[in-house]
Structure formats: C-alpha cells, structure tokens
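Notes to accompany the following structure.
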Amino acid sequence: MSLQITTLPNGLRVVSEDMPYLATVAVGVWFNVGTRHEPVNQNGIAHVLEHMVFKGTARRNAQQISEEIEAVGGHSNAYTARDVTAYYLRLLHGDLALGVDVLADMLQYSVFDPAELAREQQVIIQEIGQAEDTPDDIIFDHLQQAAYGDSPMGLPILGQAGVIASLTSEQIAAYAQNVYTAPQTVIAAAGRVDHAQFVELVARHFTRLPSHAPGPMQQIDYQPGARLFARPLEQTHVALALPAVGHWHEDYYAYSVYSTLLGGSSSSRLFLEVREKHGLAYTINSFLSNVDDSGLMVVYAGTGHDAVEKLGGLIREQMHDTVHHITDAELARAKQQLKAGVLMGLEQPMGRAEQMAQHLLSYGRVLPVAEMIEKIDAVTTAQVQNLARTMLGAKPALAGLGPQSALDQWTNITWA
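Residues 54 to 469 (this note's numbering) make up the sequence shown, in order.
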C-alpha cells in the first residue's frame, strides 16, 4: 500500500492510498466547513446545501445523478457535521473517472432550482421531526446547546424548521461560493487507485472551486447550562457533558483512554456498575465529542423515571473514583480497545479515505498508524487521573427528556 499526497496550484489537496488487492475504490470530497461556520440566523444552511447538491446540475437532474452511480453498482452518500461536510462514493475501481466527474459536477455546477429547494425543505423539516421523535438522538442536540449556548457550536446540525423554510436558492448558492473553497478541501481515494491518474482526474474536473482562504474560526466558549424538556416517555433520557479537549491538544489521547475505560464498552465501569450490577439502564455509555480546538466528554443513559437520582449517583461515584483508583488492567484494556478501533477502521477503503481526509484537514498531514498507536500506549494512569480531576472541577452541562419529576432528580445531583 502507498499513501501519496499532491497539492494543486489552487490549494486543493488530493490524497490516495492504493490497496491493489481490492476491486473497488472509495472516493470522496471533504470540506473543512460545517455547522460551526454558519451565520446564527442561517442555522442549518450547511445541511441544506449538502442535500441540494444532489438535486440537479446544468448537466444532470437529481434522478440522473443517482442513476449514473447506481447503474455501475456504486452507491453515494454525504453528511454534515459541526466542522466538516463530506460527499463520498464507493465504486468498482474502473469507474473512478465517472465518480470524480459526478462529484465535480454536483459540487461546482449545482443549479439550486427553487422548485427542488421547496421540496427538499419539506424533506429536511420531516427529518427534523423524525429526530425530535427519537429521544436518544435529539438529546445530544439539547446537550450541545447546554454546553455552548446560542453560539454556532450550540446549534443543531439539521437546523431549525423556521430557518430552513426561509432559506432561498440565492442564499444557498452564496454560502457555497463562500465556504466550498479549494484551500479547505481534500479529495481522497482509497482502494485500487493509481495516484497519478487520480490527480489528473481531479485537476481536470475540479477547476471551479474558489481559491480564497477561509476566514478565522470563531473561538469556542464552554457555557454550561441545562436543557430539560418534560415529555411523556417510557424512559427518562439524561446526558451530561464536561469540557474536554480537541484533536489538536496534546492530551487528546489521554481523554480518549479515559472515556473508553469510563463508559466506552461492555467492560467499562459505567456499563458494569449501572447495567450489570444494578440493572438501571439498557444503554449507558460515554464518549468524546471533538472538533479540532475543543471537545466534550459526554455521558448518556436512559432509565426509569424513579431511578434517575440513583443512576446519577452511580455515574458521579464512578467518575470521582477514577481520580484516585484506576487499575493497570482497565487502563491496558482501554488502550487495546482504542488501538483495535484504529486498526479495524482502516480495513475498509472508506475508513481509510475518511481518515486521510480528516487528518489533512485537522493536522495538515496524515498521521502514521504507528504514531497514533505510540501516543495511545504513552498514556499513563497519572495523566488520566489528572484530567478526570480537572473535568470534575468544572460545572457540567445537562440535558434531559422525561417527566418533570425525573428531570428534577437529574438537576439536583451534586457533581463536584
């Protein structure tokens, strides 16, 4: 396998890794732009733009875009996150030229037809409604706002129905022209791919991305509060967030180890204590939610309405215990789980393509696997205990969905 990177004159970066034993290739375009880059009064425009590039160009209508990829057995998808938007395809390797052509057409020549926009606005509003009906999904939007307030980092990725309905084709086109620029774009491919041919395809097709540099990122401020909504549910859903670090921070891997041993698996502290020992939850976990320059350590669970106080007490007890007691065995197990996750994620071409693109956007280089493994191995018990102590010194952001009596239990827990 060979990883190669080429930067085109306009600043567009092209990266590939050849996996010659495969018959397929994964190819995609990653933009260093997402919800945090939206004007607050246009919350959701990045997500609307993601939908609209599939809805027709000067050469292809929406049906033709999907049919051309599916006619060769390929499939396409996209996503919007807080700091990145991605469009990607999986194809037989001989169809890479078609894939690059379709991606370039969508991302440079979309017409943003008003009739298509009106239909897609209704689709997205239905998507928002579906999320609202899924408590173990929507609670994380509430938690994000509880942590970051009304700043762009606190607003929902899907957007708000009223804002979505008001967006015009002209606003979406102007936003795309402003943020989909060559210097903050990576085009990546992994699978059976020849780098020189791939670069030639990209250089030939991606000629219209603007070349202006991105503006400065807005500083992210942790503003802990509570977002609690009384709803008639079968369970009470609760979540908390504490300030962690972003991908750029030297302690990123230590936080990853901590989150894993606390609630990242079925052998983690929270799973064993809350589910296995006390039977208080079917789902209990912790995870990191990061962007480059900031992050949260999140704990989530769903439990019975009368068990919230006990659940919260057990979570608090385990978090405080990690300040003083972490065994060599659980530290080693968490490290192995993280290392296995890194390696398993690279066994699929899409995982490789995405990691290469994300690394280039975040670090300006693709981190060698050996370097990531070394950084995980270097995490010490003392590091993890110190960061646990630091996090517990902060006020948590809280979110909850359920009856008011259960939400009152959640807010009455003393976390310090």
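We put the beta carbon where it would ideally sit given N, CA and C, even for glycine.
Alpha-carbon to alpha-carbon, residue j and residue i
i       : j       : result
Val-395 : Ala-168 : 44 Å
Gln-272 : Ala-200 : 14 Å
Leu-399 : Arg-405 : 5 Å
Gln-462 : Asp-186 : 23 Å
Pro-209 : Leu-220 : 16 Å
Leu-364 : Leu-281 : 17 Å
Arg-369 : Glu-326 : 12 Å
Asp-274 : Asp-346 : 11 Å
Gln-230 : Gly-446 : 43 Å
Val-246 : Ser-69  : 7 Å
Glu-427 : Val-153 : 36 Å
Leu-420 : Asp-190 : 31 Å
Ile-240 : Met-409 : 9 Å
Arg-113 : Ser-415 : 33 Å
Arg-418 : His-302 : 16 Å
Gln-371 : Leu-151 : 53 Å
Met-403 : Ala-79  : 5 Å
Thr-336 : Phe-251 : 44 Å
Asp-71  : Leu-160 : 25 Å
Ala-387 : Gly-348 : 20 Å
Tyr-74  : Leu-144 : 15 Å
Ala-334 : Thr-289 : 10 Å
Ala-115 : Val-164 : 11 Å
Leu-367 : Ala-385 : 23 Å
Residue span of the alpha helix (DSSP H) that contains residue i, given as start and end
i       : result
Ser-163 : Neither: Ser-163 is in no alpha helix (DSSP H) and is coded neither H nor E.
Ser-222 : 222-232
His-100 : 98-105
Thr-375 : 361-377
Asp-71  : That residue, Asp-71, is in no alpha helix (DSSP H); its beta strand (DSSP E) goes 66-71.
Gly-475 : Nothing about residue 475 can be read from this structure; the chain reaches only from 54 to 469.
Val-395 : 381-398
Ala-469 : Run containing Ala-469: none; DSSP gives neither H nor E here.
Local Cβ density within 10 Å of residue i, reported as buried at 16 or more and exposed below that
i       : result
Ala-111 : exposed
Thr-380 : exposed
His-378 : exposed
Asn-94  : exposed
Met-397 : exposed
His-100 : buried
Lys-448 : exposed
Met-105 : buried
Arg-328 : buried
Lys-108 : buried
Thr-260 : exposed
Pro-21  : A question about residue 21 goes unanswered here, because the residues of the chain that appear run from 54 up to 469.
Tyr-141 : buried
Ala-171 : exposed
Thr-464 : exposed
Gln-390 : buried
Glu-424 : exposed
Lys-330 : exposed
Val-437 : buried
Glu-407 : buried
Met-444 : buried
Ala-227 : exposed
Glu-91  : buried
Three-state secondary structure assigned by DSSP to residue i
i       : result
Arg-143 : strand
Tyr-308 : helix
Ala-200 : helix
Ala-242 : strand
Thr-110 : strand
Tyr-74  : coil
Leu-211 : coil
Val-344 : strand
Ala-131 : strand
Thr-187 : coil
N-terminal and C-terminal residue of the beta strand (DSSP E) that residue i is part of
i       : result
Gln-57  : 55-60
Met-350 : 347-356
Gly-81  : 77-84
Ala-406 : Here Ala-406 belongs to no beta strand (DSSP E); instead the alpha helix (DSSP H) covers 402-416.
Ala-115 : Ala-115 -> not in any beta strand (DSSP E); alpha helix (DSSP H) instead, spanning 115-123.
Minimum Cβ-Cβ distance from residue i to chain C less than 9 Å
i       : result
Asn-465 : The structure shown has no chain C; it contains just one protein chain.
Next item on the list: Output the residue ranges of the beta strand (DSSP E) runs that lie fully inside the region 429-458 and measure 3 residues or longer, sorted by chain position.
Entry: If one requires a minimum length of 3 residues, the beta strand (DSSP E) runs lying completely within the region 429-458 are 450-455, in chain order.
Checklist line | Those runs of the beta strand (DSSP E) which lie wholly inside the region 255-338 and span at least 3 residues | finding: You should have 279-283, 289-296.
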